[in-house]
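Participant:
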Amino acid sequence: MKDLLLKNGTLLTPKGKRLADLLVREGKIVEMGEGLSEEGVEIVDCEGKFVLPGVIDVHVHLREPGGEAKEDFLSGTAAALAGGVTYVLDMPNNSPATISRELLKEKRELVTSKAKVDFDLYMGAAINEDGSTNVDEFLESDAIAYKIYVGSSTGNLLVSKKEALEEIFAKVAEAGKLICVHAEDEVMIQQNMKLFEGQDDPMIHGKIRSEEVAYQSTKMVLHLARKYETRVNICHLSTKRELDEFAAFKSEKITCEVAPHHLFLTELELERQGNFAKMNPPLRREKDCKALMEGIKNGLINMVATDHAPHLTSEKEQPYRAAPSGVPGLETSLPLMLNAVNNGQLTLEDVVRVMCAEPAQIFDLIGKGRLEVGADADLVIVDMDLEKTVENGGPGAEFTKCKWSPFAGQKLKGWPIKTMINGDFA
Ligand code: DOR
Ligand code: ZN
Ligand code: ZN
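In case it helps, the numbering used here puts the sequence shown at residues 32 to 457.
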C-alpha cells in the first residue's frame, strides 16, 4: 500500500475547517499540518478542494441475496464509492430475510468479496412459528443493529404487535444494543388501503401512508424507547409532526435519521414521476422538507441516510399497487447536501456531522467519521464548484443497477471527485 500526501486541501476536522496537508500511512491518517513533506510518498494535489471524512450511510438496501437484478453488493458499493460513501449498513429485508445468525453468516459470506466499501449488516426482527420473537437470536449475533418493521414495506418483515415490541425493547435495552425502526402504523395502513380500494393512482400513496400513519407509529416507538431506556434510532423521519414529537424524546439513546428524498422532494413528484417517486414513508409537503432542513441546521436531526432502495424501471412502470416502493440514493446524497451548502441552506460542518460524525458515534464505528490523527484514512475529496446534472444512466445514477434517479434533471453544484477507503483510492 502506497503512502499518500494530500496537499493543500481544506480539511473538515472535528475542530473545524483547516487549510492543510494530510499524510496517510498504512491506511491511517498519521499527520495533519501545514507544509508537510515526505520522501517516497505519492502526492495528491487538493488545491481548491475540500477533504471530508468518508460518508457513512447507515441505511441501504443492496438487495443481496434475492434481489440481484435490482442491485448487488458489487454494483451497490460501486454506487457508494461514486457518491463519496465509504461505509454502508445493509438492511435485512432480503429474500430470504436476514433473521437468524445462520442467514446473517450466509449473507456475509456471499457479499464480503464483492464489497468495495466497508459494511455491516442488520438483522431483521421477526415472529417465530411459536409466536415468540427472534430477539434472542439477534442478541447473540454480530449484527450491527436490530431492524424492526413496525409497519410493512418491501419484503415480508413485520413486527407490529405491542406485546412483542415490549418484550423486544426490554431485552435489547438490557443488552445495550441498538434498535432501528421503520415506523408506520400497520393497522392504519390496512384501513386506508380499503378506503382507497379500486383506485390505482400513485397520488393516493401519501393518503394511504399518511402523516398520521407515520406520526402515531413514531410516537408509540418513542414512548417504548423511553419506558425501557432502549437505544432506538427512528429511520427516515419524514414529517414535521414526527420531528416535533422526537424533539421531546431526543437523548443519547434516542436518535433519528432522515433521507435526502424527504429533504429535497415533495409529494408533487408523484404527479410528475409516478411510481418513480413512490417510497415508504412517502414524500410529504414543502413545510415538512423545511422542518427537516431546519432540524439539521439546529442539530436536532442526528443523521442523513439514503434508504437506497433500487427497483427496476420495468417494476416502477407497473400500475400503482403493483409497483414496489423505494428509490436509489447512494450516488446523489452527498451531491444534494453539497448543493444545499452552495445554496446557503447548510454548512459543510452540518454535512459532516449528519453524514459522518454522528453515524460513526451512534453505531460505534471506531476510527471512522472523523478526520483526525489515528483515524482510518476514509475520506472524500470534493469539488464545491463542479456542476453536473443528474441523469438516468449518467451522473448520480451511473453505477446502481437500476440506472435511474428520482433527482434526474436536477443540476447540482458540489460533487465528490475521489474517494479513499482505508488509505486506498478505490
Ligand atoms: O421505500 C422503501 N423501500 N421503504 C422501505 O422501507 C423498504 C425499501 C425497499 O427495500 O425497497
Ligand atoms: Zn424503512
Ligand atoms: Zn429502508
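From the three backbone atoms N, C-alpha and C, an ideal C-beta is built for every residue, glycine too.
What runs of the beta strand (DSSP E), each 3 residues or longer, lie entirely inside the stretch 85-157?
Facilitator: 86-91, 116-121, 149-152
Participant: How is residue 67 classed by DSSP in three states: helix, strand or coil?
Facilitator: Coil.
Participant: Can you name the start and end residues of the beta strand (DSSP E) that residue 287 belongs to?
Facilitator: 285-289
Participant: Would residue 96 and residue 125 be called neighbours here (beta carbons separated by less than 9 Å)?
Facilitator: yes
Participant: May I have all residues whose beta carbon comes closer than 6 Å to any heavy atom of ligand 4, sorted in chain order?
Facilitator: Here the bound small molecules are ligand 1, ligand 2 and ligand 3; ligand 4 is not part of this structure.
Participant: Return helix, strand or coil for residue 351, following the three-state DSSP convention.
Facilitator: coil
Participant: Beta-carbon within less than 6 Å of residue 406's beta-carbon, same chain only, minus the 5 sequence neighbours each way: which residues are those?
Facilitator: 60, 398
Participant: Which stretch, first to last residue, makes up the beta strand (DSSP E) that contains residue 326?
Facilitator: Segment 317-328 is the alpha helix (DSSP H) holding residue 326; no beta strand (DSSP E) there.
Participant: So, helix, strand or coil for residue 237, using DSSP?
Facilitator: helix
Participant: Looking at residue 386 and ligand 1, is the gap between the Cβ and the nearest heavy atom below 8 Å?
Facilitator: no
Participant: Are residue 73 and residue 35 touching if we call contact CB-CB under 9 Å?
Facilitator: yes
Participant: Please classify residue 286: is it buried, with 16 or more other beta-carbons within 10 angstroms of its beta-carbon, or exposed?
Facilitator: buried
Participant: Taking DSSP as the reference, what is the three-state secondary structure of residue 294?
Facilitator: helix
Participant: Please report the straight-line C-alpha distance between residue 433 and residue 427, rounded to a whole angstrom.
Facilitator: 11 Å
Participant: Is it buried or exposed, residue 374, if we count other Cβ atoms within 10 angstroms and call 16 or more buried?
Facilitator: exposed
Participant: Can you find a heavy atom of ligand 2 that lies under 8 Å from the Cβ of residue 463?
Facilitator: Lying outside 32 to 457, the shown extent of the chain, residue 463 is not represented and no answer is given.
Participant: Since residue 310 is in the beta strand (DSSP E), which residue starts that stretch and which ends it?
Facilitator: First-last for residue 310: undefined, no H or E at that position.
Participant: Which residue's Cα is closest to the Cα of residue 259: 234, 201, 308?
Facilitator: 201
Participant: For residue 417, which residues in the same chain have their Cβ closer than 6 Å to its Cβ, ignoring the five residues on either side in sequence?
Facilitator: 446.
Participant: Say yes only if the C-beta of residue 355 is nearer than 8 Å to one or more non-hydrogen atoms of ligand 1, and no if none qualify.
Facilitator: yes
Participant: If you follow the alpha helix (DSSP H) that residue 204 is part of, which residue opens it and which one closes it?
Facilitator: First-last of the alpha helix (DSSP H) with residue 204: 193-206.
Participant: So, for residue 120: in the same chain, excluding its five sequence neighbours on each side, which residues have a beta-carbon less than 6 Å away from its beta-carbon?
Facilitator: 89, 151, 175
Participant: Can you have a look at residue 247 and say buried or exposed, based on whether 16 or more other CB atoms are within 10 angstroms of its CB?
Facilitator: buried
Participant: On the CB-based measure, 16 or more other CB atoms within 10 Å of its CB, does residue 360 come out buried or exposed?
Facilitator: The residue is buried, with at least 16 neighbouring Cβ atoms inside 10 Å.
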